[in-house]
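Chemist: Here's a structure for you.
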Amino acid sequence: AKGDVNAGTHVKHVHFKGLEFRHTTFTLGQIEARVHTDAAVMFENASNCRVERCHFQNIGGYALWLHLDSQRNVFTRNTVRHSGGGGVLMTGSRLSYMDDTKVYTSGEAASRVAPILNKITHNTVEHCGKIRYYGGGVHLDSRPFSMSMAPGNLIAHNHFNNLSRNGIFAFRNQGGNVVEYNHIHNAMQTTIDGACIHIATMNHLNAPNFILNNWLYDIWGYAQKPDGKPTRHLANGVFLDWDTSNTTVQDNWIYNAGGQAVKVIWDNWNVVNNDNHTASTVITPPFVEEVGPGGTASHNISLTENRLTGSVVHYSDTRLLAKTGAWTPQSKSGQGGLFVFNFLKGTAAIPSQAEFTLPITEDGTYQISLLYSPSPSNADNVPIRIAHASGTALVNWNMKQGSKHGFAVELGSYRFEAAKTATVTLSTMGANGDVIADSVAFVKVKDSR
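Shown next, in the form of structure tokens:
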């Protein structure tokens, strides 16, 4: 079922109920091993569709694939067994680490959207990853920078069992997700460096994620060795990877993890890790009757309201970036060569400016951040001008330093008004090294009045 992302049309109100899907095949030549796109049912640019009480067995990939601007769809009370991939896959136009080397759907319209406000509830997914190990109960793939602060999806009351890798995985810029009352076990059976619930937002400014009241256990983490003797490690209950930020991990019950019960790594912002219960042997949560498909409990977190006010403006957005002088497109490999940074570089040899316009929609105080990759060749005296509601702020910025992964660093907080022009301008004038124009972020933090 396919809408047209360029025309802005959607498939609507398609319902599958009580159907069986069996013995589907798989394809070769996937553009990204982490995000294989075989599926029994695919909705592209779909809204208010529903898959309910269906049975998927011996399928080549995922049961359901939601692609591009797919919103308010429901996958509930389904059974998925013996899948080549997993249960549910959600993707934007760029797969995996989200650089231009892994584009599945080209075009400007496609590059700005990804699935949100969908509900994956009360399903059983087990014996998955039979063909491709990198799969899981639910895989939320990367979404655009501009959607970092947008709402996410609900994953609740599912039973995920016997999985080659993660139970639930969320990749770059994923935020606004609510993961509650899931029963996930026997995960990470043939891979390492993952978790029952694994989030890698690669972003400090994503909308809040909530991981609450899940029962997670028997997380194996078996590395496959040439001698045929697998070793067990790096298998976690909950894993906040790649600077994952703005995430609450609370009241989860976790035992027999081959790594850590809750693992939080690198430069995370605003992480709450409270009241989780862990053990090496069996522990049962007092709310066990509410875990999995039989439960009904909810924290009643509104998906539509679980967002941040703001956005990330990338240099490629020609509507919001005005340039003067000479800016040279550059590329740089990210950590481990896993992805590529694309950005603009300017120098003082040719005085240049890059003016980012911030599309402010609500009056208030906003935190302004820069995203760039630090380097010894960068200038340590970059002139930055911030036009805000009360006037202009001038900042001298050291681009030799910053987030080692190229994620957000805070410039400061200022008041903005929707009726007034708001800009952040980078200049090469007098700079003693390279000036990098990549992205500017703004997020509402409080009202100063």
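Take the sequence shown: its letter number 244 is residue 325 in my numbering, and every next letter is one higher. Backbone N, C-alpha and C fix where the C-beta goes; we use that ideal spot for every residue, glycine too. Everything numeric in this text was worked out from a predicted model, so none of it was measured.
1. Quick one: grab the DSSP three-state call for residue 171.
2. Please return the same chain residues whose Cβ sits closer than 6 Å to the Cβ of residue 530, not counting the five positions on each side in sequence.
3. Within its chain, find whatever has a CB closer than 6 Å to the CB of residue 101; leave out the 5 residues flanking it on each side and keep chain order.
4. If you draw a straight line from the C-alpha of residue 86 to the C-alpha of residue 112, how long is it?
5. Please confirm whether residue 231 and residue 316 have their CB atoms less than 8 Å apart.
6. Using only CA atoms, which one of 386, 435, 397 lies nearest to residue 407?
7. Please state whether DSSP places residue 93 in a helix, a strand or coil.
8. What does the alpha-carbon distance come out to for the pair residue 398 and residue 237?
9. Taking buried to mean at least 16 other C-beta atoms within 10 Å of its own C-beta, is residue 512 buried or exposed?
10. How about residue 219 and residue 249: do their beta carbons lie closer than 8 Å?
11. Suppose contacts are defined by Cβ-Cβ distances below 8 Å. Is residue 178 in contact with residue 224 by that definition?
12. Our contact map puts residue 266 next to residue 242 with C-beta atoms below 8 Å; I'd like the distance itself, whole angstroms only.
13. How long is the line joining the alpha carbons of residue 295 and residue 371, rounded to whole angstroms?
14. To the nearest angstrom, report how far apart residue 277 and residue 374 are at their CA atoms.
15. Does the pairing of the segment 461-480 with the segment 492-510 give three or more beta-carbon distances under 8 Å?
16. Considering Cα atoms alone, identify which of 159, 212, 221 is closest to residue 72.
17. Helix, strand or coil: which one does DSSP assign to residue 219?
18. Determine the contact status of residue 515 and residue 428, defining contact as a CB-CB distance below 8 Å.
19. To the nearest angstrom, how far is it from the Cα of residue 167 to the Cα of residue 352?
20. Near residue 459, which residues of its chain fall below 7 Å by C-beta distance, leaving aside the five closest residues on each side in sequence?
21. First and last residue of the beta strand (DSSP E) that includes residue 143?
22. Would residue 465 be called buried (16 or more neighbouring beta carbons within 10 Å of its own) or exposed?
23. Use the C-beta contact count for residue 525: other C-beta atoms within 10 angstroms, 16 or more gives buried, fewer gives exposed.
24. With respect to the beta strand (DSSP E) encompassing residue 209, which residues constitute its N-terminal and C-terminal limits?
25. Could you tell me whether the segment 106-122 touches the segment 88-96, using the rule of 3 or more Cβ pairs below 8 Å?
26. How is residue 270 classed by DSSP in three states: helix, strand or coil?
27. Taking residue 214 as the reference, which of 105, 487, 500, 142 has the closest Cα?
Modeler: Judging by the given coordinates:
1. Position 90 of the sequence shown, counted from the start, is the residue given in the question as residue 171. Note: residue 171 maps to strand in three-state DSSP.
2. As a position in the sequence shown, residue 530 is number 449, starting the count at 1. The pLDDT assigned to residue 530 is 47, lower than 50, so where the model puts this residue is not dependable; a value taken from the coordinates is nonetheless given after this. Here the set comprises nothing.
3. Within the sequence shown, numbered from 1, the residue matching residue 101 stands at position 20. Closer than 6 Å at the Cβ level, and outside the excluded window around residue 101, lie 136.
4. For the purposes of this step, residue 86 is taken as the residue at position 5 of the sequence shown. For the purposes of this step, residue 112 is taken as the residue at position 31 of the sequence shown. If you take the alpha carbons of residue 86 and residue 112, they lie about 21 Å apart.
5. Against the sequence shown, residue 231 aligns to sequence position 150. Against the sequence shown, residue 316 aligns to sequence position 235. Contact: no.
6. As a working note, residue 407 is residue 326 in the sequence shown. Of the listed residues, the one whose Cα sits closest to residue 407 is 435.
7. On the sequence shown, position 12 is the one that residue 93 refers to. Three-state DSSP puts residue 93 in a strand.
8. Position 317 of the sequence shown, counting from 1, holds the residue named residue 398. Position 156 of the sequence shown, counting from 1, holds the residue named residue 237. If you take the alpha carbons of residue 398 and residue 237, they lie about 36 Å apart.
9. The residue you call residue 512 lines up with position 431 of the sequence shown. It counts as buried.
10. Residue numbering aside, residue 219 sits at position 138 when the sequence shown is read from its first letter. Residue numbering aside, residue 249 sits at position 168 when the sequence shown is read from its first letter. In this structure, residue 249 lies closer than 8 Å to residue 219 by Cβ.
11. Sequence index remark: in the sequence shown, residue 178 carries index 97 (1-based). Sequence index remark: in the sequence shown, residue 224 carries index 143 (1-based). No, these two residues do not count as a Cβ contact at 8 Å.
12. Within the sequence shown, residue 266 is the residue found at index 185, counting from 1. Within the sequence shown, residue 242 is the residue found at index 161, counting from 1. 6 Å between Cβ atoms; contact.
13. Here residue 295 is taken as the residue at index 214 of the sequence shown, counted from 1. Here residue 371 is taken as the residue at index 290 of the sequence shown, counted from 1. Cα to Cα, the separation comes out at about 10 Å.
14. Looking up residue 277 in the sequence shown gives position 196. Looking up residue 374 in the sequence shown gives position 293. Computed Cα separation, rounded: 17 Å.
15. yes
16. Residue numbering for the chain in the displayed model covers 82 to 530; residue 72 lies beyond these limits and cannot be assessed.
17. Sequence index remark: in the sequence shown, residue 219 carries index 138 (1-based). Residue state, collapsed to three classes: strand.
18. For the purposes of this step, residue 515 is identified with residue 434 of the sequence shown, where counting begins at 1. For the purposes of this step, residue 428 is identified with residue 347 of the sequence shown, where counting begins at 1. Yes. Within cutoff.
19. The residue you call residue 167 lines up with position 86 of the sequence shown. The residue you call residue 352 lines up with position 271 of the sequence shown. Taking the straight line from one Cα to the other gives about 28 Å.
20. As a working mapping, residue 459 is identified with position 378 in the sequence shown. Result list for residue 459: 480, 481, 514, 515, 517, in chain order.
21. Taking the first residue of the sequence shown as 1, we reach residue 143 at position 62. 143-148 is the span of the beta strand (DSSP E), which, as asked, contains residue 143.
22. As a working mapping, residue 465 is identified with position 384 in the sequence shown. When all chains shown are included, residue 465 counts as buried.
23. Stepping through the sequence shown from its first residue, residue 525 is reached at position 444. By the 10 Å Cβ count, residue 525 comes out buried.
24. On the sequence shown, residue 209 is found 128 positions in, with the first residue counted as 1. Where residue 209 is concerned, the enclosing beta strand (DSSP E) stretches over 205-209.
25. no
26. The sequence position of residue 270 within the sequence shown is 189, counting from 1. In the structure shown, residue 270 sits in coil (DSSP, three-state: anything other than H, G, I, E or B).
27. Position 133 of the sequence shown, counted from the start, is the residue given in the question as residue 214. Measuring from the Cα of residue 214, the nearest candidate turns out to be 142.
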